[in-house]
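Asker: Residues 1 to 314 (the UniProt record's numbering) make up the sequence shown, in order.
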Amino acid sequence: MKEIFDYVNAPIEWEQYNVSGVSSAGEDLFKQAMESLKRNRVGLKGILFTPISQSGHISWNVEMRQQLDIYSSVVLCKSLPGYPTRHKDVDFVIIRENTEGEYSGLEHQSYPGVVESLKVMTRAKAERISRFAFDFALKNGRKKVTCIHKANIMKLGDGLFLNTFRKVAEDYKLTGIVANDMIVDNTSMQLVARPGQFDVMVMPNLYGAIISNIGAALVGGPGVVPGCNVGTEYALFEPGCRHVASDIMGTNRANPTAMILSATMMLRHLGLDPIANNIAAATFDVINAGEVRTADMGGSATTSEFTQAIIKKL
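1. Would you mind working out which of K88, I279, V114 sits nearest A193, comparing C-alpha positions?
2. Among G101, E116, E100, which has the Cα closest to the Cα of E107?
3. CA-CA distance, H57 and G101?
4. With burial defined as no fewer than 16 other Cβ atoms inside 10 Å of the residue's Cβ, what is the status of K312: buried or exposed?
5. State the start and end residues of the unbroken alpha helix (DSSP H) segment that holds Y7.
6. Throw me the rounded Cβ distance for the G227 and G240 pair, which I believe falls under 8 Å.
7. Along the chain, where does the alpha helix (DSSP H) that runs through T303 open and close?
8. Where in the region 162 to 221 do unbroken runs of the beta strand (DSSP E), each at least 3 residues long, occur, reported from the N-terminal end onward?
9. Would you call residue 343 buried or exposed, if buried means 16 or more other Cβ atoms sit within 10 Å of its Cβ?
10. Can you tell which of Q66, Q197, N278, R41 has its C-alpha closest to the C-alpha of Y103?
11. Of all the CB atoms in chain E, is at least one closer than 8 Å to the CB of M297?
12. Taking the alpha helix (DSSP H) that L270 falls in, what are its first and last residues?
13. Mind checking which residues open and close the alpha helix (DSSP H) that includes I129?
14. Alpha carbon to alpha carbon, what distance is there between V244 and I12?
15. Taking 8 Å as the cut-off, does the region 75 to 82 touch the region 38 to 49 (at least 3 CB pairs, one atom from each stretch)?
16. Let me confirm a value: V202 is counted as buried when at least 16 other C-beta atoms fall within 10 Å, else exposed. Which label applies?
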């Protein structure tokens, strides 16, 4: 991605921090990266690994979102030109509340063999993410916003989220945007059966983690879905499907499409639309041609070869 930026002379100066989430040993480096993000207000990152076995080691991905209050995760799930999947013309956006819900990090063992985890939902944050979803729809010519929930069972927590969404929807009635809602388990089924019915989807934290993986699978996998995390003061761009792919780390086999397209989202955020559009168009042209593809897309190209193909298109 940096090679591409250098080739097109993108006016970006990098402060690079090679943070690993494998252990808490790199905490000082993580703090330096956070200081850089707070100073620059914009960042681009890969997905940091969080080990399951280390109960005392918090997720630095979550820590970033909470410290910076980048409350909205935006994941773009769209069919790629020339790359057929089970469903054609998939085009929907997942907007995920990033800072509370089951990811609040509040859990404890009250008795050996008994664990309590707290799911925190607040009206203020439900309203904030709902307004973000409707505003996103307005700015991007979208026609419908669907609230994803489990209010039939979690009547207080998800009930608060759903009822807040409905109240916010009243403020956007005159815009012509349709507002509806769907239970999360039915949503999962409907996505794989009829994804064309969805446009913009807004949901609490945990559901967004699951739904974004389904969305990625519909359009080609975690290597092709871009995303970003946006707050009032900061914006952090990263692949939309938060898949670490540690099994191919260091092998030069990863598909860089998601990172490249996330970087183009960052360029647009910075007002550099022409450069972003050129890079995105070249990336789509390479995929559409079908001659240079990474293994996850049925090809044999390395990450470097795919990147060089994009540079040649540019």
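We put the CB at the ideal spot given by N, CA and C, even for glycine. Here the structure is a predicted model, which means the values were calculated and not measured.
Answerer: By the coordinates alone:
1. The count along the sequence shown starts at 1 and reaches residue 193 at position 193. For the residues K88, I279, V114, the minimum Cα distance to A193 belongs to K88.
2. Residue numbering aside, residue 107 sits at position 107 when the sequence shown is read from its first letter. Measuring from the Cα of E107, the nearest candidate turns out to be E116.
3. Mapped onto the sequence shown, residue 57 falls at position 57. Mapped onto the sequence shown, residue 101 falls at position 101. Residue placement at H57 is flagged as unreliable, the pLDDT there being 48, under the threshold of 50; a coordinate-derived value is accordingly withheld.
4. Here residue 312 refers to the residue found at position 312 of the sequence shown. For K312, the number of other beta carbons within 10 angstroms of its own is below 16, and it is reported as exposed.
5. Within the sequence shown, the letter at position 7 stands for residue 7. Its alpha helix (DSSP H) spans residues 2 to 7.
6. Indexing the sequence shown from 1 puts residue 227 at position 227. Indexing the sequence shown from 1 puts residue 240 at position 240. Contact holds; Cβ gap of about 3 Å.
7. Taking the sequence shown and counting its residues from 1, one reaches residue 303 at position 303. It spans 303 to 313 - the alpha helix (DSSP H) in which T303 sits, taken as one unbroken run.
8. Uninterrupted beta strand (DSSP E) stretches at least 3 residues long and entirely within the region 162 to 221 occur at 178 to 183, 200 to 203, given in chain order.
9. Nothing about residue 343 can be reported from this structure: the residues present for the chain run from 1 to 314 only.
10. Indexing the sequence shown from 1 puts residue 103 at position 103. Ranking the options by Cα distance to Y103, first place goes to Q66.
11. The structure shown contains no chain E; it is built from a single protein chain.
12. As a working mapping, residue 270 is identified with position 270 in the sequence shown. Segment: none, L270 is in no alpha helix (DSSP H) and carries neither H nor E.
13. The sequence position of residue 129 within the sequence shown is 129, counting from 1. Run containing I129: 123 to 139, per the alpha helix (DSSP H) assignment.
14. Along the sequence shown, read from residue 1 onward, the residue named residue 12 stands at position 12. Along the sequence shown, read from residue 1 onward, the residue named residue 244 stands at position 244. So the two alpha carbons sit approximately 26 Å from each other.
15. no
16. As a working mapping, residue 202 is identified with position 202 in the sequence shown. Flag for V202 reads buried.
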